[in-house]
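K.L.:
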Amino acid sequence: MTSSGDIDYDSYKALVRWHIEEGTHGLCVLGTTGEAAVMSMEERDRVLKATMEAKGDSDISIIVGTGTINPQTCIDFSKQALAHGADAALVVTPYYVKPTPAGLVQHFKTIAEAVPELPIVLYNVPSRTGCDMQPETVSMVKDACNGLVVGIKEATGDVSRVSPIKSLCGSDFLMWSGDDETGSEFVLQGGDGVISVSANVAPNAMSRIMKAALNGDRSTVEALNDPLKPVHDKLFIESNPIPVKYAMNKMRRASSGIRPPLTELSESCRTIVDDALKSAGVI
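Residues 810 to 1092, numbered by my numbering, are exactly what the sequence shown covers, in order.
Here is the structure:
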């Protein structure tokens, strides 16, 4: 965002190209780490267009956040993402209303059946939604959607969920961690990757950590991950995405603006984030 609150499309496209150059395997667009929640449909459309323009002929995967509380809005967002060539939709559990397991099944089934051409990745982040989708419910949703739900972003930080979800849903059911602090262990325990906040400031390092974790190389994971531990922690010193937007501006990768009700990073937190970035060698 620019200082006036407009989307900085030029910086955004440069950011996409940077990720491609740094070895990022996939981008999650219009997700939690950003201001998708306060964008209009027209702005989302322009962001998706800019994404595909910057992607060019790269084989990087594009997952688009299309989840919200209203299933019809989810459907509209998913159709929009499909029209732009997205590879999958990231659909968060409905927030605030705290649906039952049966309600979750119905919610995801409705979306999947309305846009069957676009695979769905479930998104479980109870710290934000007030709804924790248990492994048994994940399996119920997958079965009800007849192959249209292909994976989950599991953002509880609970690595013990990898085994039961894989057992219930099958080894081909993809599991991404949504928590950087536990993400490498999540993969070492059988997960498939991480949808990362830290990768916004250290994409190459996160890519190398995930490659080592997928190869089961714990010693390399630990060596690569240790310098990033302060980043994993301090990028949440205030509500995401406030610290990461500050960090990216510090790195000259993004403009300084942020949309209400989000605010700029508190002055007292800036040196703390700066020190974390220095420890990781990104500034």
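A virtual CB, placed ideally from N, CA and C, is assigned to each residue, including glycine.
Small disclaimer: the values here were computed from a predicted structure and weren't measured.
With respect to the alpha helix (DSSP H) encompassing residue 1085, which residues constitute its N-terminal and C-terminal limits?
P.N.:
First-last of the alpha helix (DSSP H) with residue 1085: 1076–1088.
K.L.:
Could you give the C-beta distance for residue 962 and residue 899, rounded to a whole number, given that I count them as a contact under 8 angstroms?
P.N.:
Correct: roughly 6 angstroms between the Cβ atoms.
K.L.:
State buried or exposed for residue 879, treating a residue as buried only when at least 16 other CB atoms are found within 10 Å of its CB.
P.N.:
Counting Cβ neighbours within 10 Å, residue 879 comes out exposed, since fewer than 16 surround it.
K.L.:
Taking 8 angstroms as the cut-off, does the region 845–859 touch the region 818–831 (at least 3 CB pairs, one atom from each stretch)?
P.N.:
Flag = yes, the region 818–831 and the region 845–859 touch.
K.L.:
Thinking C-beta only, is residue 999 closer than 9 angstroms to residue 984?
P.N.:
The answer is yes: Cβ separation under 9 angstroms.
K.L.:
Who are the near neighbours of residue 890 in its chain, counting only those whose CB is closer than 7 angstroms to its CB and skipping five residues on each side?
P.N.:
So the list reads 857, 873, 875, 898, 927, once near-sequence residues are dropped.
K.L.:
Tell me the rounded alpha-carbon separation between residue 1042 and residue 840.
P.N.:
Using only the alpha carbons, I get a separation of about 20 angstroms.
K.L.:
Can you name the start and end residues of the alpha helix (DSSP H) that residue 823 belongs to?
P.N.:
Counting along the chain, the alpha helix (DSSP H) containing residue 823 begins and ends at 818–831.
K.L.:
For residue 887, collect the residues of the same chain with a Cβ closer than 6 angstroms to its Cβ; drop the 5 residues on either side in sequence, then sort them by chain order.
P.N.:
Hits under 6 angstroms: 875, 898, 924, 927.
K.L.:
Secondary structure at residue 1055, three-state DSSP: helix, strand or coil?
P.N.:
Helix, per DSSP.
K.L.:
Using only alpha-carbon positions, find the residue among 909, 979, 982, 930 that is nearest to residue 946.
P.N.:
Among 909, 979, 982, 930, the Cα nearest to that of residue 946 belongs to 909.
K.L.:
Of the choices 1047, 1071, 1063, whose alpha-carbon is the least far from that of residue 1077?
P.N.:
For the residues 1047, 1071, 1063, the minimum Cα distance to residue 1077 belongs to 1047.
K.L.:
State the Cα-Cα distance for the pair residue 954 and residue 892, rounded to the nearest angstrom.
P.N.:
Going from the Cα of residue 954 to the Cα of residue 892 covers about 21 angstroms.
K.L.:
What does the alpha-carbon distance come out to for the pair residue 1023 and residue 1059?
P.N.:
The alpha-carbon atoms of residue 1023 and residue 1059 are separated by roughly 31 angstroms.
K.L.:
Could you check which residue in 1067, 1086, 1083 has the C-alpha nearest to that of residue 848?
P.N.:
Comparing Cα positions, the closest option is 1067.
K.L.:
If distances are taken between C-alpha atoms only, which option among 952, 867, 1083, 904 comes closest to residue 894?
P.N.:
For the residues 952, 867, 1083, 904, the minimum Cα distance to residue 894 belongs to 867.
K.L.:
Please classify residue 1010: does DSSP put it in a helix, a strand, or coil?
P.N.:
If DSSP states are grouped into helix, strand and coil, residue 1010 belongs with coil.
K.L.:
Quick check on residue 815: buried or exposed, where buried means 16 or more other Cβ atoms within 10 Å of its Cβ?
P.N.:
Classification for residue 815: exposed.
K.L.:
So, residue 1084 versus residue 1039, is the Cβ gap smaller than 9 angstroms?
P.N.:
Contact: yes.
K.L.:
Measure the beta-carbon distance from residue 1006 to residue 842 and round it to whole angstroms, keeping in mind my assumption that it falls under 8 angstroms.
P.N.:
Confirmed, about 5 angstroms.
K.L.:
DSSP state of residue 813, grouped into three classes?
P.N.:
Note: residue 813 maps to coil in three-state DSSP.
K.L.:
Enumerate in chain order the residues of its own chain whose CB-to-CB distance from residue 1180 is below 6 angstroms, with the five nearest sequence positions on each side excluded.
P.N.:
Residue 1180 lies beyond the stretch modelled for the chain, which goes from 810 to 1092, so this question has no answer here.
K.L.:
Ignoring anything shorter than 4 residues, give me the alpha helix (DSSP H) runs that lie fully in the region 939–1001, in order along the chain.
P.N.:
The region 939–1001 contains these whole alpha helix (DSSP H) runs: 944–953, 971–978, 989–997.
K.L.:
So, are the CB atoms of residue 1010 and residue 1089 less than 9 angstroms apart?
P.N.:
Yes, the Cβ-Cβ distance between residue 1010 and residue 1089 is below 9 angstroms.
K.L.:
Between which two residues does the alpha helix (DSSP H) harbouring residue 857 extend?
P.N.:
Looking at the DSSP string, the run of the alpha helix (DSSP H) that includes residue 857 is 850–864.
K.L.:
Can you tell me which of the three DSSP states residue 1028 falls into?
P.N.:
Correct three-state label for residue 1028: helix.
K.L.:
Could you name the residues of the same chain whose beta carbon sits closer than 6 angstroms to that of residue 907, not counting the 5 residues immediately before and after it, in chain order?
P.N.:
939, 940, listed in sequence order.
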